[in-house]
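Chemist: Per the numbering used here, the sequence shown starts with residue 9, numbered consecutively.
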Amino acid sequence: DSPIAVTVFKFIALAVCVIAMFPMSIDRTASYAKLLLASFFAWAVVAFIFKGIFNGFSEFYFINTVLCAIPFLLMRPKQGAITQFLSSCAIVLAAQVAIDSWISYSGNSLWDNGAFVGGVGNPSSFGFLCNLLIAYVVFYRKGRFVFLVPVLAYGSVMSSSMLSVAMLAAVLLGALLIRLTVKKLIALLFLPVIAAVAAPSAITDHVAYKLASIAPSDDMESRSISVSGRLDIHAEYANRFSEEPFQALFYGFEHYIGIDSQVLTYISSFGLLISAFFFIAVSIGMASAFKGKGELNRFVAVALLLFAVSFLSNRLLDYFPVAFFLFAVLSMLRPERRAIKLQILTGDLRRTVS
9 DSPIAVTVFK
19 FIALAVCVIA
29 MFPMSIDRTA
39 SYAKLLLASF
49 FAWAVVAFIF
59 KGIFNGFSEF
69 YFINTVLCAI
79 PFLLMRPKQG
89 AITQFLSSCA
99 IVLAAQVAID
109 SWISYSGNSL
119 WDNGAFVGGV
129 GNPSSFGFLC
139 NLLIAYVVFY
149 RKGRFVFLVP
159 VLAYGSVMSS
169 SMLSVAMLAA
179 VLLGALLIRL
189 TVKKLIALLF
199 LPVIAAVAAP
209 SAITDHVAYK
219 LASIAPSDDM
229 ESRSISVSGR
239 LDIHAEYANR
249 FSEEPFQALF
259 YGFEHYIGID
269 SQVLTYISSF
279 GLLISAFFFI
289 AVSIGMASAF
299 KGKGELNRFV
309 AVALLLFAVS
319 FLSNRLLDYF
329 PVAFFLFAVL
339 SMLRPERRAI
349 KLQILTGDLR
359 RTVS
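1) Can you give me the Cβ contacts of V24 inside the same chain, cut-off strictly under 6 Å, excluding the 5 residues immediately before and after it?
2) Within the continuous alpha helix (DSSP H) that includes S95, where are the two ends?
3) Hey, could you find the ends of the alpha helix (DSSP H) G60 is sitting in?
4) Check the C-beta distance from N63 over to E262 and give it rounded, since I have them as a contact under 8 Å.
5) Which term fits F65, buried or exposed, when burial requires 16 or more other beta carbons within 10 angstroms of its beta carbon?
6) Drop a sphere of 10 angstroms on the beta-carbon of A246, count the other beta-carbons inside from all chains shown, and report buried for 16 or more, exposed for fewer.
7) What residue range does the alpha helix (DSSP H) around P131 cover?
8) Measure the beta-carbon distance from A102 to L160 and round it to whole angstroms, keeping in mind my assumption that it falls under 8 Å.
9) Grab the span of the alpha helix (DSSP H) containing N72 for me, first residue to last.
10) Once you ignore the five residues that flank I265 on each side, which residues in its own chain have a CB closer than 7 Å to its CB?
11) The alpha helix (DSSP H) spanning K299 covers which residue range?
12) Cα separation between L75 and V128?
13) Got a sec, what are the start and stop residues for the alpha helix (DSSP H) M340 sits in?
14) Using the rule of at least 16 other Cβ atoms within 10 Å of the residue's Cβ for burial, across every protein chain shown, is L185 buried or exposed?
15) For N322, which residues of its own chain have a beta-carbon under 8 Å away from its beta-carbon, when the five flanking residues on both sides are left out?
16) Which whole-angstrom value is the C-beta distance of F335 and A77, which I expect to be below 8 Å?
17) Terminal residues of the continuous alpha helix (DSSP H) containing I186?
18) Looking at the secondary structure, which residues open and close the alpha helix (DSSP H) in which G163 lies?
19) By the DSSP assignment, the alpha helix (DSSP H) with F307 in it spans what residues?
20) For P31, which residues in the same chain have their Cβ closer than 8 Å to its Cβ, ignoring the five residues on either side in sequence?
21) Of the choices I241, S109, I20, L280, whose alpha-carbon is the least far from that of A256?
22) Could you work out which residue in A174, F285, A98 is closest to S318 when comparing CA atoms only?
23) Are the beta-carbon atoms belonging to F332 and L45 less than 8 Å from one another?
24) Counting Cβ pairs closer than 8 Å, one from the region 282-299 and one from the region 44-60, do we hit at least three?
25) Hey, P94 and Y144 are a contact pair by Cβ (cut 8 Å); roughly how many whole angstroms apart?
26) Contact check, L313 vs M294 under 8 Å by CB: the rounded distance?
27) How long is the line joining the alpha carbons of D35 and P253, rounded to whole angstroms?
28) Comparing alpha-carbon positions, which option in Q104, F48, F19, G115 lies nearest S164?
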């Protein structure tokens, strides 16, 4: 429960990952996406500090994202390090699902509505990571790790996140369609029936409760706070952007504003122009993966698409260590044929063919 203990644990966990996954040398090559990310974080960190000094710090979650980004911006992961990391995380998250199941069975819960949170501390982020690692297993890793899919799928559903459940269905449907056979088609047709029987009624009611919240209603008790709150926040900031367009465009509002949307969080905190650098970088990675061939590119494309959709209704990257997964996935893309080589010592910037 101690914030200091949690912070120390984050630093230790990040340090262990960096030591295990990265060579201790600066990477002098950078893709266009990496340069865009570096430009975004350079401006965002300065803005975060100055706004905090003059207007007060509203929160410090953005530091989680910065800490996760630094290793990937400065260094290139070792060969095979990312796949080893994701494979290990799949096992760890499956164990966390088992632990949360035991806690729930004993009549306790780590979250108010009984949702599973694992070691992330947030149901939406935990459900997202379960889906991300399911995509890693079914699209790329396969083998014996397939046995982890039902466990991770259960964790995704028990996160009680409507978006996580929708993403889980999309990932499994996509995996089945890619390797569609008669047997898999039959299994696909029976999935809704199996899900309806296997899912506890509480989960079904909870998701239905959130779906009902999307429709306008004067009965506030019948609306899910998480869904209706997100809708209200989007409407509120749409009005604020129209009232203060200069701030919204160039440098954002008073301080770092954490909103249940990564898009709104960055635009309202740093301005539309500089935030576009970040989202364009992710889009470049996604486009490159979709254009590429093979199972690796297929997984990266699906993973980045999951991130992109989640950015609309969750600020995933603020919750450690979700941002580390984003940069890890981006680093799995093969280097572009034409890269930018940075001569750090001489300050010379030139284009070379790698």
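We put the beta carbon where it would ideally sit given N, CA and C, even for glycine.
Modeler: Based on what the coordinates show:
1) Excluding positions up to five away in sequence, the list is empty.
2) That run of the alpha helix (DSSP H) goes 89-113.
3) For G60, the enclosing alpha helix (DSSP H) stretches over residues 40-63.
4) Contact flag correct, Cβ pair sits at about 5 Å.
5) Within 10 angstroms of the beta-carbon of F65 lie fewer than 16 other beta-carbons, which makes it exposed.
6) For A246, the number of other beta carbons within 10 angstroms of its own is below 16, and it is reported as exposed.
7) Run containing P131: 131-144, per the alpha helix (DSSP H) assignment.
8) With a contact defined as Cβ atoms closer than 8 Å, A102 and L160 qualify at about 6 Å.
9) Note, N72: alpha helix (DSSP H), 70-82.
10) If the five residues before and after I265 are omitted, its C-beta is found closer than 7 Å to the C-beta atoms of S66, T273, S276, S277, all from its own chain and listed in chain order.
11) It spans 280-299 - the alpha helix (DSSP H) in which K299 sits, taken as one unbroken run.
12) L75 and V128 have their C-alpha atoms some 16 Å from each other.
13) Unbroken run through M340: none, as it is neither H nor E.
14) Exposed: under 16 other Cβ atoms inside 10 Å.
15) Take N322, set aside five residues on each side of it, and the residues of its chain with a beta-carbon closer than 8 Å to its own are S132, S133, F136, L171, D268, S269, Q270, in chain order.
16) Sure, about 6 Å apart at Cβ, within 8 Å.
17) Where I186 is concerned, the enclosing alpha helix (DSSP H) stretches over 170-186.
18) In this chain, the alpha helix (DSSP H) harbouring G163 covers 157-166.
19) That run of the alpha helix (DSSP H) goes 303-318.
20) M83, R84, K86, listed in sequence order.
21) Checking every option, the nearest Cα to that of A256 belongs to L280.
22) It is A174 whose Cα lies nearest to the Cα of S318.
23) The Cβ atoms of F332 and L45 lie no closer than 8 Å to each other.
24) Touching, yes.
25) The question names Pro, but residue 94 is Leu in the sequence shown. Taking a contact as a CB-CB distance under 8 Å, the pair L94 and Y144 counts as one, their CB atoms being some 5 Å apart.
26) That pair is a contact at about 6 Å.
27) One C-alpha to the other measures close to 38 Å.
28) The shortest Cα separation from S164 among Q104, F48, F19, G115 belongs to Q104.
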